[in-house]
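Since the structure comes first, as structure tokens, the remarks are kept for the end.
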Amino acid sequence: MLRLYNTMTRSVDIFVSKTEGEVGLYTCGPTVYAYAHIGNLRTYIFEDILRRVLVEEGYRVKHVMNVTDVGHLVSDADTGEDKMAVGASREGLTAFELADKYWEAFRHDMARLHILEPDIWCRATEYIQEQIDLGLEMEKRGFTYRIEDGIYFDTKKLGDYGRLARLDIEGLEAGARIEMVAGKRNPTDFAVWKFSPKDEKRQMEWESPWGTGFPGWHLECSAMAMKHLGEQFDIHCGGIDHVAVHHTNEIAQVECITQKNWVRWWMHAEFLVLPKQDDGAGAGTAKAGGKMAKSGDNFLTVQSLVDRKIDPVAYRYFALGAHYRAPLTFTWESVEGAANAMGRLRNRVIALGHPAGGSVSEKHWAPFRQAYQDDLNMPRALAALWGLLRDDGLSPEDQYATLLRMDRILGLGVESMKEEKVDVDQEILDLVDARNAARRNKDFAEADRLRDEITSRGFLLEDTAEGTKVLPAG
Ligand code: AMP
Ligand code: ZN
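Count the sequence shown with my numbering and you get residues 211 to 684, in order.
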């Protein structure tokens, strides 16, 4: 039995899908104005595990992920510039070029972390009409009002507004910030459609019945999730910061129209955080601690790992070492620890030699399955993995078969763990060829010179019966 925590009920409940054997899954995707940081990617790794678990449990999963390429403002209070516009002027690109660049980079990062792609990608700018239509439905039912700045959702009109986050509406009103958009009726009201500034043409703007402008960020997810997954579906995910504002507002926009519960399971990943103080563990640019965020300098990407010669999959392993509902503290030391564990796993797999014909050991599979069925308890699942690897009583065939089965969830790439393939660039290979030619011509002085040249570039040569091998020195 699969049990999953539901942010709506605040409890771990037995998962039952709306339609037997099928799951509709919506995961809030990246805002493509910069590289994703490894905190964002922690959330996507959690969602990837969830999806793999659902598939393993026999569900046909329809996974939809959006790409936010318009409308996500710098501030959650519907003020400030569009993140896309900020990014575009920073890089001298159009907002559309910027979106293409970072969406592609995001997909590359996903691949490097073995995160499966969704069945459907949807870009906000390609669903403008759907968003306008949804806004019109809300308007028809009297949930919106117009102010100078745009069309806003009146959260007071929805009886149970904020129930996902259990918002203290009165408290929020008392503490309402002064810089609230002028004319907004309640602090929790949010933009459905923002007007373009009168004296300025935005790069991203569209005509609408209300006037030229662009959709509010929350509108896209409501519209696209409804379009692809319907008025009621199974699971909607994101990072923990989405509970209070983004998901709360998504719910309001949909349920004010449908008058029924939209999503059965709301699931949220806790943050990747930085150590409280720079404790000398060499946490890169980490200074003050707190959550990893795209703004500020506490920002590490997949490329930052690669630059430190850490296999991105080691970061995936690191992320699986904590439960998704617990904050995870990043230090280079612990990621290097994960890389070492991956090294041990790789050695073990190579020693096993990928033997065929084994069968899955129930003794080890059962605790592994129990762990992931228990609200995706990956630390326990990893413990089961190591229990398997330590079991000398098991044949290599069975051990490998069980390992492969576990890896369908873990996604560590067991099947492709082969003897270390060394990245030798073409120049070195050309030098090796030249040296071989010199040796064939018995020009040993030239052959020795070429060997020295290769060694000085950090490689060693090994002449074997099968030919010359090149290895990195040290
Ligand atoms: P964004 O691209 O900013 O819209 O964020 C993409 C996803 O990353 C969202 O689901 C966020 O909730 C999530 N997120 C943002 N910061 C972190 C963090 N430090 N740790 C984990 N997830 C995060
Ligand atoms: Zn969303």
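Don't be surprised by glycine CBs; every beta carbon is placed ideally from N, CA and C.
Let me know the secondary structure DSSP gives residue i once reduced to three states.
| i | result |
| --- | --- |
| H478 | strand |
| Q473 | The displayed chain sequence assigns Val, not Gln, to residue 473. Reduced to three states, the DSSP call for V473 is strand. |
| D662 | helix |
| T541 | coil |
| V634 | coil |
| F363 | strand |
| T217 | coil |
| Y312 | helix |
| C332 | strand |
| L681 | strand |
| L212 | coil |
| V222 | strand |
| L614 | helix |
| V516 | helix |
| G500 | strand |
| R317 | helix |
| F405 | strand |
| D343 | helix |
| L620 | helix |
| A381 | Checking the displayed sequence, the identity of residue 381 turns out to be Gly instead of Ala. Three-state DSSP puts G381 in a helix. |
| I338 | helix |
| G352 | coil |
CB-CB under 8 Å to residue i, same chain, minus the five flanking residues each way: which ones, in chain order?
| i | result |
| --- | --- |
| S605 | G568 |
| F509 | H247, T495, M502 and A503 |
| G597 | H574 and P577 |
| R213 | V222, D223, I224, F225, Q583, D584 and D585 |
| G500 | V483, L484 and N508 |
| N587 | H533 and A581 |
| F669 | V634, I638, V680, L681, P682 and A683 |
| Y337 | E430, A433, M434 and K437 |
| L374 | T217, M218, V453, H457, T458, I461 and W476 |
Do the CB positions of residue i and residue j come within less than 8 Å of each other?
| i | j | result |
| --- | --- | --- |
| H282 | L235 | no |
| R262 | I619 | yes |
| T354 | N396 | no |
| Y525 | L323 | yes |
| M627 | R556 | yes |
| N646 | T678 | yes |
| A612 | V453 | Going by the sequence as given, residue 612 is Thr instead of Ala. Not closer than 8 Å, so no. |
| H428 | N471 | no |
| H258 | I325 | Here residue 258 turns out to be Asp, not His, going by the sequence shown. Yes, Cβ-Cβ distance for D258 and I325 is below 8 Å. |
| E430 | Q339 | no |
| G423 | F405 | yes |
| G360 | W403 | yes |
| V680 | V624 | no |
| G183 | H457 | No answer is possible for residue 183: the residues shown for the chain start at 211 and end at 684. |
| L344 | P419 | no |
| V455 | D286 | yes |
| A305 | M434 | no |
| N276 | G239 | yes |
Nearest CA to the CA of residue i: which residue from the options?
| i | options | result |
| --- | --- | --- |
| D223 | W476, A561, G603 and T612 | W476 |
| E230 | F443, V280 and V512 | F443 |
| E266 | L614, R649, T674 and C332 | L614 |
| G372 | I461, D653 and R518 | I461 |
| M348 | Q469, D310, E358 and G668 | Q469 |
| L592 | R351, M552 and H318 | M552 |
| K394 | E410, V634, E358 and E380 | E358 |
| V391 | M414, L374 and F363 | F363 |
| S227 | I638, A433, D608 and H446 | H446 |
| T237 | V570, Y269, R220 and V473 | V473 |
| V559 | E629, L530, V516 and S544 | E629 |
| Y269 | Q636, L251 and E232 | E232 |
Which same chain residues end up closer than 7 Å to residue i when comparing Cβ atoms and leaving out the 5 residues on each side of it in sequence?
| i | result |
| --- | --- |
| A244 | G297, Y312 and K504 |
| C536 | Here the sequence assigns Ala to residue 536, which means Cys is not the residue at that position. Closer than 7 Å at Cβ, skipping near neighbours: E480. |
| V284 | G290, E291, K293 and V296 |
| L660 | L641, A644, R645 and A648 |
| M211 | I224 and Q583 |
| L382 | P397 and T398 |
| R667 | I638 |
Once you ignore the five residues that flank residue i on each side, which residues in its own chain have a CB closer than 6 Å to its CB?
| i | result |
| --- | --- |
| T278 | T241 and A334 |
| E315 | First, the amino acid is wrong: residue 315 is Ala here, not Glu. Y245. |
| D378 | none |
| A498 | Residue placement at A498 is poorly supported in this model, since its pLDDT is 49, which falls under 50; the coordinates still yield a value, given next. Excluding residues within five positions, none has a Cβ falling inside 6 Å. |
| L610 | A quick correction: the sequence has Tyr, not Leu, at residue 610. Closer than 6 Å at the Cβ level, and outside the excluded window around Y610, lie L562, P565 and G568. |
| H438 | V274 and I330 |
| Y254 | I325 |
Quick check: is the beta carbon of residue i nearer than 8 Å to any beta carbon in chain D?
| i | result |
| --- | --- |
| Y254 | Structure shown: chain D not included; a single protein chain is present. |
Alpha helix (DSSP H) segments (min. 4 residues) lying fully within the region 419-460: Within the region 419-460, the alpha helix (DSSP H) runs of at least 4 residues that lie entirely inside it are, in chain order, 427-439.
Length at least 3, wholly inside the region 258-303: the beta strand (DSSP E) runs in chain order: Entirely contained in the region 258-303, the beta strand (DSSP E) runs reaching 3 residues are, in chain order, 270-277.
Whole beta strand (DSSP E) elements within the region 524-604, 3-residue minimum: Complete beta strand (DSSP E) runs here, min 3: none at all.
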